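Following: one structure in structure tokens, then a few remarks.
Number of protein chains: 2
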Amino acid sequence: MSESRSERIPAAERREQILDAAARVFGERGYAGTTTDQVAQAAGISQPYVVRMFGSKEKLFCELLLRARDSLETRLRAALARPEVKALDNQGLKRFLGRAYVDLVGEGDIVLPLAQGFLLGHDPVIGRYAREGFLDIYRLLRDEAGLSPEEVRDFLAGGMLLNTLLTLQMTGLYESDETARELLACAFGEKLDLVVAPTKAAP
Amino acid sequence: MSESRSERIPAAERREQILDAAARVFGERGYAGTTTDQVAQAAGISQPYVVRMFGSKEKLFCELLLRARDSLETRLRAALARPEVKALDNQGLKRFLGRAYVDLVGEGDIVLPLAQGFLLGHDPVIGRYAREGFLDIYRLLRDEAGLSPEEVRDFLAGGMLLNTLLTLQMTGLYESDETARELLACAFGEKLDLVVAPTKAAP
DNA sequence: GTCTATAAGTGGATAGAC
DNA sequence: GTCTATCCACTTATAGAC
Numbered sequence: 001m002s003e004s005r006s007e008r009i010p011a012a013e014r015r016e017q018i019l020d021a022a023a024r025v026f027g028e029r030g031y032a033g034t035t036t037d038q039v040a041q042a043a044g045i046s047q048p049y050v051v052r053m054f055g056s057k058e059k060l061f062c063e064l065l066l067r068a069r070d071s072l073e074t075r076l077r078a079a080l081a082r083p084e085v086k087a088l089d090n091q092g093l094k095r096f097l098g099r100a101y102v103d104l105v106g107e108g109d110i111v112l113p114l115a116q117g118f119l120l121g122h123d124p125v126i127g128r129y130a131r132e133g134f135l136d137i138y139r140l141l142r143d144e145a146g147l148s149p150e151e152v153r154d155f156l157a158g159g160m161l162l163n164t165l166l167t168l169q170m171t172g173l174y175e176s177d178e179t180a181r182e183l184l185a186c187a188f189g190e191k192l193d194l195v196v197a198p199t200k201a202a203p
Numbered sequence: 001m002s003e004s005r006s007e008r009i010p011a012a013e014r015r016e017q018i019l020d021a022a023a024r025v026f027g028e029r030g031y032a033g034t035t036t037d038q039v040a041q042a043a044g045i046s047q048p049y050v051v052r053m054f055g056s057k058e059k060l061f062c063e064l065l066l067r068a069r070d071s072l073e074t075r076l077r078a079a080l081a082r083p084e085v086k087a088l089d090n091q092g093l094k095r096f097l098g099r100a101y102v103d104l105v106g107e108g109d110i111v112l113p114l115a116q117g118f119l120l121g122h123d124p125v126i127g128r129y130a131r132e133g134f135l136d137i138y139r140l141l142r143d144e145a146g147l148s149p150e151e152v153r154d155f156l157a158g159g160m161l162l163n164t165l166l167t168l169q170m171t172g173l174y175e176s177d178e179t180a181r182e183l184l185a186c187a188f189g190e191k192l193d194l195v196v197a198p199t200k201a202a203p
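Here the protein sequences come in this chain order: A and B.
No gaps in the numbering here: position 89 of the first sequence is 89 in UniProt numbering, and each next residue is one more.
No gaps in the numbering here: position 68 of the second sequence is 68 in UniProt numbering, and each next residue is one more.
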């Protein structure tokens, strides 16, 4: 049923598996709160292999940060390139990009490591990475989307709230707590079911 | 010059000292990223004493969460009780409360543990505390301040952005990075100098 | 490409002296 | 009220076999 030794798989592919697993675990438990062994178990391999593949826990996390930032930037640029956006004013554009962000969030745990990274300002290496990533997104929204600083601020603020609700696992209270339900509905809007009833596509 | 053994001080007072120190350290490094020894050093006492005083690291952190929530609620209620607020519409009220929040943030590191707690949704005990605290604030803003769910959402979103900029230590880039300067100015507004040039009052 | 074994270090908590 | 000493569990990382 379960094999104690993993199938032999090309390194590049295994690397992606580990990154996926790591994004989930780090996204949920944070950098310091996650052990390399938890990542290994989530990826179905041994702990030393995780370390060997990325050199260190820190490097693995930085990799995650880069990946999350790239996904986000790619997604935002794709949204900006759509024809509908021509017809939108900045207010409408902000909403449109906001929906694109929620879509990305709902698709998996790619962005939560970013949210966790934002708490690591004190760390000499990860902190620098995280600040750079944050400012990159800021500039993208300002220069490529053409939003004013205030509009960018409001967009980012909304994103931070969504991140917080997710890492708080407020979504778990949706059924049982009326206040939570109201807040979640208001924050996620029409995209609510992406986070309260995460659809696992059939394989 | 420095005494290796601390002065003998009443427990209640020592308790406050430890809580202050712990708020700083936990606020900066997060729950898992902080050791009880770091707290002890910040408070100028021995590590076992910290544990003994609060029973465990977890209980100490929960205490911090409660304290931060109380401070925040007290501050918001005080703001709501001021005479000027009568003349404000909801938009103005939101801004007024926002300034009250920044004041509290600028006064010390009382609220950052809250921000760190919001990342601990996965933890069975701390997660519950943090969610409850978050919903408490939500209800206060909705029921006592009379804001609509959307207005509360926007207020909270703004707060989450401020928290993020703080824990990211973006303020450290104020001098050197133009983008960071623009973003910080936009996010903190007139209260900017509370966070970029923290004034330590002379004793 | 992947594992087992393990070294080396760290951290929370307890016991007991003063 | 506060410390020193210390235990034990856990964690990252390395070595080396297969």
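The beta-carbon is built from N, C-alpha and C at its ideal position, and this holds for glycine as well.
Quick caveat: nothing in here was measured; it's all calculated off a predicted structure.
For residue i, return the contacting residues in chain A, with the cut-off set at a CB-CB distance below 8 Å.
i                 : result
CYS62 of chain B  : The premise fails here: CYS62 of chain B is roughly 15 Å from chain A at the closest Cβ pair, so nothing lies under 8 Å.
GLY127 of chain B : LEU168, GLN169
LEU113 of chain B : Before going on, a small fix: residue 113 of chain B reads as Pro here, not Leu. None at all; the shortest Cβ gap to chain A is about 11 Å.
ARG131 of chain B : LEU168, GLN169, MET170, LEU173, ALA180
GLU150 of chain B : CYS186
Grouping DSSP H, G and I as helix and E and B as strand, with all else coil, what is residue i?
i                 : result
TYR31 of chain B  : coil
ALA197 of chain A : coil
SER4 of chain B   : coil
ILE137 of chain B : helix
SER46 of chain B  : coil
SER71 of chain B  : helix
GLU63 of chain B  : helix
VAL111 of chain B : coil
ASP37 of chain B  : helix
PRO203 of chain B : Reliability of the predicted coordinates at PRO203 of chain B is poor, the pLDDT of 43 falling under 50, and no value is obtained from them.
LEU88 of chain B  : coil
PRO10 of chain B  : coil
PRO124 of chain A : coil
PHE96 of chain B  : helix
ASP177 of chain A : coil
Taking C-beta pairs closer than 9 Å, name the residues in chain A that residue i reaches, listed in chain order.
i                : result
GLY33 of chain B : GLY30, TYR31, ALA32, GLY33, LEU119, LEU120, HIS122, ASP123
THR74 of chain B : Per Cβ cutoff of 9 Å: no residues; THR74 of chain B is ~21 Å from chain A at best.
Express the C-alpha separation of residue j and residue i in angstroms, rounding to a whole number.
i                      : j                 : result
THR179 of chain B      : ARG67 of chain B  : 34 Å
ALA21 of chain A       : LEU183 of chain B : 33 Å
TYR101 of chain A      : GLY92 of chain A  : 14 Å
ASP103 of chain B      : LEU112 of chain A : 29 Å
SER46 of chain B       : SER6 of chain B   : 9 Å
THR74 of chain B       : ASP37 of chain B  : 31 Å
THR34 of chain B       : VAL85 of chain A  : 45 Å
GLY159 of chain A      : GLY98 of chain A  : 8 Å
ARG24 of chain B       : LEU65 of chain B  : 13 Å
ILE9 of chain B        : ASP109 of chain B : 23 Å
GLY189 of chain B      : VAL196 of chain B : 12 Å
residue 241 of chain B : ILE137 of chain B : Nothing in the structure corresponds to residue 241 of chain B, since chain B is present only between 1 and 203.
LYS59 of chain A       : ARG142 of chain B : 43 Å
GLU150 of chain B      : GLY127 of chain B : 25 Å
GLU175 of chain B      : LEU140 of chain A : 21 Å
ALA32 of chain A       : PHE134 of chain A : 20 Å
ALA11 of chain A       : GLU3 of chain A   : 19 Å
PRO203 of chain A      : LEU168 of chain A : Residue placement at PRO203 of chain A is flagged as unreliable, the pLDDT there being 41, under the threshold of 50; the coordinate-derived value follows with that caveat. Roughly 29 Å between the two C-alpha positions.
GLY172 of chain B      : VAL51 of chain B  : 32 Å
ALA78 of chain A       : LEU165 of chain B : 27 Å
List the residues of chain A that residue i touches, going by C-beta distances under 7 Å, in chain order.
i                 : result
GLN116 of chain B : LEU119
ALA180 of chain B : LEU135
GLU107 of chain B : Simply none; closest approach about 20 Å.
ARG139 of chain B : THR179
Quick check on this structure: which residue in the options has the alpha carbon closest to the alpha carbon of residue i?
i                 : options                               : result
ILE18 of chain B  : B:GLY55, B:ALA42, B:GLY30             : B:ALA42
ALA157 of chain B : B:LEU173, B:ARG95, B:ALA32, B:TYR129  : B:ARG95
PHE26 of chain A  : A:ARG128, A:VAL50, A:PHE61, A:GLY106  : A:PHE61
PHE118 of chain A : B:ASN163, B:GLU13, B:GLY172           : B:ASN163
ARG29 of chain B  : B:ARG131, B:ALA115, B:ASP177          : B:ALA115
VAL152 of chain A : A:CYS186, A:LEU76, A:LEU166, A:LEU194 : A:LEU76
Given that residue i touches chain B, what residues does it touch there, using C-beta distances under 9 Å?
i                 : result
ARG153 of chain A : GLY158, LEU161, LEU183, CYS186, ALA187
By the criterion of Cβ-Cβ separation under 7 Å, what are the contact partners of residue i in chain B?
i                 : result
THR164 of chain A : PHE118, MET160
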